[in-house]
Amino acid sequence: MKLKIEKTIREKIYYNIFTFKIHIKFSVKYNMSKKSISINPNFLKIGKKGGKKKERRQRKERPQNSLKPNNVKRKLIEKIKAHQKKEREKEISQEENEEREFQDSFKDTLNYLQELDKKVKKKKKKKRDKTMKKRSAIPINTVPMENPPTTFSHAPAPPYGCLKNGNKPTFRQYNKTLKKDRPEKGDIPIHTNNNFDQKDTIINEPVINLGNVTFQKNAEFDNRKEKLENLKNMMKKDIPKKRKIKTRRIRRKITLGKVKNKVGVLVKSKQTRKIIKGEVSVLKKKPIQEIKTYLKKHNLIKIGSQAPDYIFRTMYENAYLSGDVSNKNDEILLHNWSKEIPV
Numbered sequence: 000m001k002l003k004i005e006k007t008i009r010e011k012i013y014y015n016i017f018t019f020k021i022h023i024k025f026s027v028k029y030n031m032s033k034k035s036i037s038i039n040p041n042f043l044k045i046g047k048k049g050g051k052k053k054e055r056r057q058r059k060e061r062p063q064n065s066l067k068p069n070n071v072k073r074k075l076i077e078k079i080k081a082h083q084k085k086e087r088e089k090e091i092s093q094e095e096n097e098e099r100e101f102q103d104s105f106k107d108t109l110n111y112l113q114e115l116d117k118k119v120k121k122k123k124k125k126k127r128d129k130t131m132k133k134r135s136a137i138p139i140n141t142v143p144m145e146n147p148p149t150t151f152s153h154a155p156a157p158p159y160g161c162l163k164n165g166n167k168p169t170f171r172q173y174n175k176t177l178k179k180d181r182p183e184k185g186d187i188p189i190h191t192n193n194n195f196d197q198k199d200t201i202i203n204e205p206v207i208n209l210g211n212v213t214f215q216k217n218a219e220f221d222n223r224k225e226k227l228e229n230l231k232n233m234m235k236k237d238i239p240k241k242r243k244i245k246t247r248r249i250r251r252k253i254t255l256g257k258v259k260n261k262v263g264v265l266v267k268s269k270q271t272r273k274i275i276k277g278e279v280s281v282l283k284k285k286p287i288q289e290i291k292t293y294l295k296k297h298n299l300i301k302i303g304s305q306a307p308d309y310i311f312r313t314m315y316e317n318a319y320l321s322g323d324v325s326n327k328n329d330e331i332l333l334h335n336w337s338k339e340i341p342v
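According to numbering that gives the first Met the number 0, the sequence shown is numbered sequentially starting from 0.
This is the structure:
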């Protein structure tokens, strides 16, 4: 029986070790006379539900902080903003005080200057009053005018009336009697001054006797006048005359398109035109030896050609400006290859 029990125990132990679910606890008591094995019956149970129940661990309660990080941040930011507001208010109040002080000082200075100006003007007026000469009044003897006696008279009655067949003729009849023939152009009478009565031209004017008044010229006044005139003449000489700007109209005739084996292209921008002109001027200043080497390299001329320099120069300018032009004629290539000096 013991052997069977041992076998069953071993099988159970191996099974539990293989599954890693049941913990084995066994105690062997060694005695001198007997050997006994005590096994916990719970370990011999088979099944998922069997075995010792696991006790759930209770989570340790962490000490909760009364202040959260977000609340701390907000409070800190609010304090900083309040501090900034206070500083700004202080700065604004200081600036306002400075402006007021400046305005007050400016007003005081203006008032002081105005008072000074008034005092100076008063002093000048006093000086003028002292220097002004009191000239004697000119005696004027006026003759009393005798007005003629005024006589009122009624206007005479008109020589025409308003009734037909009356004592006086009507205005139309009276007007016909007054009409006269107009004189011809040559017979216009001309009145001279001799025909008029001299009595009519005389006007009764009041006679004024000024007496013997003598005006003495002031020598100082004349001297000042002369000095002023001299200064004016000097200033007139110093003023430079304005030069007249002459305007010239320059007309340029530009031919665009293909005309006599030439193609004209209009370049609108002034800057690009300047750049092209600068490059052309640089090409014209290049030495003739450099031009000849360029033309020989591109097979545009034969080695040993005796053409004048201006032809080489024009060929070089046209070839350079038109692009990387090179000649591929067989005869020129053979000639240059045969005449080329080996390096």
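A virtual CB, placed ideally from N, CA and C, is assigned to each residue, including glycine.
Quick caveat, the model's predicted, so the values are computed rather than measured.
Bridge-paired residues (DSSP) for residue i
{"i": "valine 262", "result": "Lys257"}
{"i": "glycine 160", "result": "Thr169"}
DSSP state of residue i mapped onto helix, strand, coil
{"i": "threonine 271", "result": "helix"}
{"i": "threonine 169", "result": "strand"}
{"i": "serine 280", "result": "helix"}
{"i": "glutamine 57", "result": "coil"}
{"i": "serine 104", "result": "helix"}
{"i": "valine 342", "result": "Unreliable positioning characterises valine 342 in this predicted model, as indicated by a pLDDT of 45, which lies under 50. A coordinate reading is not provided."}
{"i": "serine 325", "result": "coil"}
{"i": "glutamine 83", "result": "helix"}
{"i": "threonine 292", "result": "helix"}
{"i": "histidine 334", "result": "helix"}
{"i": "phenylalanine 151", "result": "coil"}
{"i": "lysine 122", "result": "helix"}
{"i": "lysine 240", "result": "coil"}
{"i": "glutamine 113", "result": "helix"}
{"i": "threonine 246", "result": "coil"}
{"i": "isoleucine 302", "result": "coil"}
{"i": "asparagine 69", "result": "helix"}
{"i": "asparagine 146", "result": "coil"}
{"i": "lysine 198", "result": "Low confidence applies to lysine 198: its pLDDT is 42, below 50, so where it sits in the model is not reliable enough to give any reading."}
{"i": "arginine 251", "result": "coil"}
{"i": "lysine 285", "result": "coil"}
Beta-carbon gap between residue i and residue j smaller than 8 Å
{"i": "tyrosine 315", "j": "isoleucine 290", "result": "yes"}
{"i": "asparagine 349", "j": "histidine 297", "result": "No statement about residue 349 is possible, as the shown extent of the chain runs from 0 to 342 and does not include it."}
{"i": "tyrosine 319", "j": "leucine 265", "result": "no"}
{"i": "isoleucine 287", "j": "asparagine 335", "result": "no"}
{"i": "tyrosine 159", "j": "threonine 169", "result": "yes"}
{"i": "threonine 271", "j": "glycine 263", "result": "no"}
Status (buried if at least 16 other CB within 10 Å, exposed otherwise) for residue i
{"i": "isoleucine 300", "result": "buried"}
{"i": "leucine 294", "result": "buried"}
{"i": "aspartate 323", "result": "exposed"}
{"i": "lysine 120", "result": "exposed"}
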